[in-house]
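Under the numbering used here, the first residue of the sequence shown carries the number 2, and numbering increases by one thereafter. Built from N, CA and C at the ideal position, the CB exists for glycine as well.
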Amino acid sequence: MTIDKRYDIIIVGGSITAIEAINSIHEINPHTKILLISGEDRLPYKRTMINKNIVRGFDKDDFKLATNEWYQQNNVTLIIDRATKIDRKQKSLETATNGTYTYNKLLLATGVRSKTLKYNNLAHNDYYRVQNASDVEKLLKDIKHKQSFLIIGSGVEGIETADQLIRKGKNVTIIDRNNRPMRKLLPEEYSNELISAMKNKGVHYLPNTSINSVNRIRNQQYEVTFGDSKQVFDGIISCIGTQANIELAQEANLKTNKGILVNNFLQTSDPDIYAGGDVAEHSNGTMTTLWHAAAYQGEIAGLNMMSISREHKIKPFRLKTDVFGLFLFSANFENVNSGQYEISCQQQGNLKRTIYYKNDETNGIIMMNDKNRAKEYQQAVMEKWSKEKFNNSLPIQQSVIFSFAASFK
Ligand SMILES: Cc1cc2nc3c(=O)[nH]c(=O)nc-3n(C[C@H](O)[C@H](O)[C@H](O)COP(=O)(O)OP(=O)(O)OC[C@H]3O[C@@H](n4cnc5c(N)ncnc54)[C@H](O)[C@@H]3O)c2cc1C
2 MTIDKRYDII
12 IVGGSITAIE
22 AINSIHEINP
32 HTKILLISGE
42 DRLPYKRTMI
52 NKNIVRGFDK
62 DDFKLATNEW
72 YQQNNVTLII
82 DRATKIDRKQ
92 KSLETATNGT
102 YTYNKLLLAT
112 GVRSKTLKYN
122 NLAHNDYYRV
132 QNASDVEKLL
142 KDIKHKQSFL
152 IIGSGVEGIE
162 TADQLIRKGK
172 NVTIIDRNNR
182 PMRKLLPEEY
192 SNELISAMKN
202 KGVHYLPNTS
212 INSVNRIRNQ
222 QYEVTFGDSK
232 QVFDGIISCI
242 GTQANIELAQ
252 EANLKTNKGI
262 LVNNFLQTSD
272 PDIYAGGDVA
282 EHSNGTMTTL
292 WHAAAYQGEI
302 AGLNMMSISR
312 EHKIKPFRLK
322 TDVFGLFLFS
332 ANFENVNSGQ
342 YEISCQQQGN
352 LKRTIYYKND
362 ETNGIIMMND
372 KNRAKEYQQA
382 VMEKWSKEKF
392 NNSLPIQQSV
402 IFSFAASFK
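Here is the structure:
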């Protein structure tokens, strides 16, 4: 196949930002020629599914976001390759294997990668990650020969992975140097509920714990020392967090910090280059980490690249997860966790919710076990429902309810 080397728009990174950008671009002009460079070994897919399907397993194209025909119909040439260098003067982009392409506008949607575990003697291959589908496939391939797993980190990816491994009948230990699970998404009382639920299912949870050393021993087992303890595990899974893939932008002298710096129109320091999704660092310093936030940025970047000026606003997208028999929902916790809010805590049986109001507007919600109404909760915080509308639209028979004003630093 010979590929034309000139494109109206090139997108680097084949995930949700790219797909939504393509949708926007083609709504404006379906003849726009787009090149999508995807660094993974398959069609762009729904990343959020991979660690939630360890029990079920999956095939290569199970979670694909669009078919091959969709790319053709949308005038998109999709290549599996790595973008290696941007030449801003020539407005061209080099790839590892397919040569150089020119663009009119470029979108960097390169996302994030797992941070490297740094222990002496521990190579990249010695531990598992759950960032890409191929990472989870590697775990799935080995899993039947392994019984005990150590998960490092208790953010949502670590907790969801632990839930799946427990359901698979494995022995799971979670070590976290922080004091509680999902602390960036949940208040302490919800983390405590989660700890109880995990313990009930047999997870060995060790907060405030640092690992001193990890050594590979016979048969691909690992001896881990922490505090005064020493334990052997069949497998180690790192869920210690991510870092943004900013190297391409850095090398092209675009402004970067932790992410690629963008203005409110998702434009980088080069007006012909945009960035969106997890890799973008917004003007207030925020970097989003959620699927729907990336989708929204793709939509906005696509419009702006087509000269339809549209401002990006940080929105309170929610995270929801079903783990250890609990349904957990969190929207805007990071923001409402600092500042002054009226906080209403409500409970009915095992349903629990905490609503953060300011000036009679819903600013944030944490909820547990009200799964069927999750959409309405998302709407409430997106549309900033008044207290009255919230209580009328999402009533509960309140067995315990208390409200207080709180200010956090
Ligand atoms: C296991 C897991 C579970 C998750 N669950 C949830 C959830 O339940 N809910 C939720 O809201 N969010 C969840 N997230 C987060 C969500 O998946 C991300 O916010 C979203 O995928 C970000 O999309 P993105 O378009 O920014 O890029 P990403 O999905 O990060 O993809 C970026 C792509 O760019 C590629 N790339 C990077 N550099 C290059 C290059 N130089 N050349 C070519 N390609 C390159 C990468 O290989 C990757 O394929 C989860 C994340 C993970 C890892």
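Using 8 Å as the threshold, is the C-beta distance between residue i and residue j below it?
i	j	result
L108	I10	yes
K388	Y358	yes
Q132	S115	yes
S368	L327	Going by the sequence as given, residue 368 is Met instead of Ser. No, the Cβ-Cβ distance between M368 and L327 is not below 8 Å.
A302	A22	yes
F330	H293	no
S149	F227	no
N216	N122	yes
I153	C240	yes
S270	K256	yes
Q244	V113	yes
Q237	G203	Per the sequence shown, residue 237 should be read as Ile rather than Gln. Not a contact, by the Cβ cut-off of 8 Å.
A141	F334	The sequence given here has Leu at residue 141, not Ala. Against a cut-off of 8 Å, the Cβ pair of F334 and L141 comes out as no contact.
I12	A110	yes
Y101	K6	Strictly speaking, residue 101 in this sequence is Thr, with Tyr absent from that position. It is a contact, given that the beta carbons lie within the stated cut-off.
Q268	N305	yes
By a C-beta neighbour count over all protein chains shown, 10 Å radius and 16 as the cutoff for buried, is residue i buried or exposed?
i	result
P45	buried
H32	exposed
Q251	exposed
P396	exposed
S394	exposed
Q298	buried
H146	exposed
D279	buried
A124	exposed
P182	buried
A97	exposed
G15	buried
A29	Note that residue 29 is Ile in the sequence shown, not Ala. Exposed: under 16 other Cβ atoms inside 10 Å.
I'd like to confirm the pairing. Which residues does DSSP put opposite residue i in its beta bridges?
i	result
I261	T257, A281
T1	Residue 1 lies beyond the residue range present for the chain, which begins at 2 and ends at 410; the question has no answer from this structure.
L107	I11, I274
T85	T85 is not bridged to any residue.
T226	S214, K231
G236	F150
N201	Its beta-bridge partners do not exist; DSSP assigns none.
I176	I153, L207
S25	Answer is none; S25 lacks a bridge partner.
Q91	None; Q91 has no bridge partner.
K65	Y46
Y102	L94
**Asked** Do the segment 123-140 and the segment 50-64 meet, that is, are 3 or more Cβ pairs less than 8 Å apart?
**Response** yes
**Asked** Between the segment 114-128 and the segment 275-290, are three or more C-beta pairs nearer than 8 Å?
**Response** no
**Prompt:** For the 8 Å Cβ check, are there 3 or more pairs between the segment 81-91 and the segment 189-201?
**Reply:** no
**Asked** Are the segment 193-212 and the segment 175-185 in contact at 8 Å, needing three or more beta carbon pairs?
**Response** yes
**Asked** Contact between the segment 154-168 and the segment 300-316: three or more CB pairs below 8 Å?
**Response** Contact check between the segment 154-168 and the segment 300-316: fewer than three CB pairs, one atom from each, fall below 8 Å, which does not count as touching.
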